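For reference, the structure discussed in these notes is given below.
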Amino acid sequence: MSEPQRINGEQALARGAIRAGVRVVAGYPGSPSTAVLTGLLSVADEHGIYVEWSVNEKVAFEVCWGAAISGLRSLLCVKGVGLNVALDTVMAVNLAGTRAGCVLVVGDDPSAYRSQNEQDSRLLGQFAELPMIEATHVADGCALMEYAFELSERIEMPVIMREVRSFAFTQVDIALPPAEAPPVKAPADVTLERAQRRWIASTSNVISRHRQLHEKLDGVEGEFSESAFNNVAGEGSVGILSAGFCGSKVDAVLGAMETPDGLARLDLATLLPMPRNVVVPFLAPLDRVLIVEEIEPYVETRVKAMAHDAGIDVDVCGKQSGHLPREGELLAAQIAEGIATFLGVTPPADLPITPFSAPPLKPSLVPPVSDGLCEGCPYDPTFRALGAALEGMGARGVIVADPGCAVRLMVPPLEMLDVKMAMGSCVGIAAGIARSNPAAHVIACPGDSGFFHSALLGLANAAYNRARMIVLVLDNLTTALSGCQPSPTTGRTAAGVEGAPLLPEKFADALNIDLVRVFDPADHAVTRKAFANALAHDDLSLLVMRSPCVLL
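With the numbering used here applied, the sequence shown covers -12 to 539.
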């Protein structure tokens, strides 16, 4: 072991991936999960790891799985909403399995600090029927990641490693094992084996593979029943079951409380399949149990079912009973109030300062959305010119955008944003609005990263079906809001390798879009003319605003 050092949760996961011998890492920017990939990127050359920012999460997962079935351990890094994008391929791969270890780091964002929702990816893990684990403490992150790779490779299935924002940013002083990676496999050891159609998803093998999947999960549940990452402590007639990183939150709160004797604890890291042989014996002597988890009452519901099946008369409390809020991140004061109500004691007056004491401050690099656009942002002259062009026509535009800096258009002074949903969705949504409102001037505004993420497909659909609208690509040469990662329009990869930029306007000929304009908003005359031409055009138009983000 090394000397104790201060690390956060995502650094612990990255260290574990290095020690596990990961060789291919792919992802799409989004918090939490970004820092796992960037941490590995910083040592990629030293450890022989290939790292890429993919154009979207589905492609990133496909890159990882392709590497895994060829014999190289791989790691996917996406946030919770990114798993939605990858799910189409995941739902076929779960039946086919894998060869080398393939781990999916999925970062959930309770309270949606940096997301369009606060979805609970444990429910998607259950839907995909893949093993899912979540570290209860930052100190377990490294070892749990190593175990995830070992488990994945042994059972030949992808494994999901869930994390939440508070785990990602919590820092602890721990002695970690050295960042030593196993030897890189020789090229002769890395091959794709045809393996009797194993890698072919076909109706002919679905039932047999689904049966095999269930048999594997039964075996994993048995293994999880013996897992050292689950921790049972204390005895009594009342208990607290903490799922994943909520174990650390409960530790911090209980450390500041006067609690009665006879309190049993279970910190559960193995979330799916949930081990009955751990949960049921824990419940058996209890009269009441409080379930502490984020975000949905997933464990609470499963515990109720297990207690019923085992004939255990225990009062299961948690989100559904109102002891804990159903929505948002569980902050320290909320957990303290819930535990105090459950135990019939007084909540503590003072709680330790932790990353979950209060909502987080925004990173200093990117100002909060409420501050509007950054000073000097190229979006400002772009949308002022668009607003002036619409006003000159006596028209009101409908502005549809993607996640990213365009969300700042909803606050003063511009206040122009009408619709914003998921990454890449703005073009398809705008096409539907344009079809329903033929007289409206509908403008879809994907960013450069969002364009290649999935808005390009919306553009192809709009061109194919002759939608009358404007697609305005906001190319600021970076994925700004998630930390200024390179986008395809720079031609620069995650590793800094320079290449030819991929330019949205180059797709116009293939899609038969006849009005295409590229402009720098610093040139006011060209910008005004581009908008005037597009607004007067009775067909699909493609405009590209190209000017670097002021944070670069």
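All C-beta atoms in this analysis are idealised placements derived from N, C-alpha and C, irrespective of residue type, glycine included.
Predicted model only: the values in this text are computed from it and were never measured.
I187 counts as exposed, since fewer than 16 other C-beta atoms from the protein chains shown sit within 10 angstroms of its C-beta. The secondary-structure analysis by DSSP pairs H428 across a beta bridge with G384.
Taking 8 angstroms as the cut-off, the Cβ atoms of S20 and V65 count as close. Per DSSP, M532 is one residue of the beta strand (DSSP E) stretching across 528 to 533. When the beta-carbon positions are compared, A454 and R422 come within less than 8 angstroms of each other. A distance below 7 angstroms between beta-carbons, with the five flanking residues on each side excluded, links A487 to the following residues of its chain, in chain order: G478. The alpha carbon of V46 has as its nearest neighbour, out of D75, L59, G35, the alpha carbon of D75. A buried status is given to R86, since no fewer than 16 other beta-carbon atoms sit within 10 Å of its beta-carbon. Exclusion of the five residues before and after A166 leaves R2, I5, R6, V30, H34 as the residues of its chain whose Cβ lies within less than 8 angstroms of its Cβ. In the three-state reduction of the DSSP assignment, D96 falls in the coil class, being assigned neither a helical nor a strand state. Inclusion of L530 and A523 in the CB contact set at 8 angstroms is not warranted, their separation being larger than that value. Under the three-pair Cβ rule at 8 angstroms, the stretch 214 to 228 counts as touching the stretch 245 to 260. Its chain contains I142, M144 as the residues whose beta carbon lies nearer than 7 angstroms to that of K203, once the 5 sequence neighbours on both sides are disregarded; these appear in chain order. DSSP places Q(-8) in the strand class (E or B) of the three-state scheme.
Residues V267 of the same chain have their beta carbon placed closer than 7 angstroms to that of A297, with the five preceding and five following residues left out of the count. Unbroken beta strand (DSSP E) stretches of 3 residues or longer found wholly inside the stretch 452 to 539: 457 to 462, 502 to 506, 528 to 533, given in chain order. A residue is called buried once 16 or more other Cβ atoms fall within 10 Å of its Cβ, and D127 is buried on that count. Counting along the chain, T25 sits inside the alpha helix (DSSP H) bounded by residues 21 to 28. Take L24, set aside five residues on each side of it, and the residues of its chain with a beta-carbon closer than 7 angstroms to its own are V12, G14, V38, C64, in chain order. Assigned with DSSP and collapsed to three states, C304 falls in strand. For D32, the enclosing alpha helix (DSSP H) has its first and last residue at 31 to 34. In this structure L498 is not in contact with F439, their Cβ atoms being roughly 14 angstroms apart against a cut-off of 8 angstroms. T246 sits close to L330, with the two beta carbons spaced by under 8 angstroms. P262 counts as buried, since at least 16 other C-beta atoms from the protein chains shown sit within 10 angstroms of its C-beta. Spatial neighbours of P365 in its own chain (CB-CB distance under 7 angstroms, excluding positions within 5 residues in sequence) are listed in chain order as N463, P508, M532, S534. If you check the CB distance, D300 and S224 do not come in under 8 angstroms.
The beta-carbon separation of E116 and L200, rounded to 6 angstroms, stays under the 8 angstroms limit for a contact.
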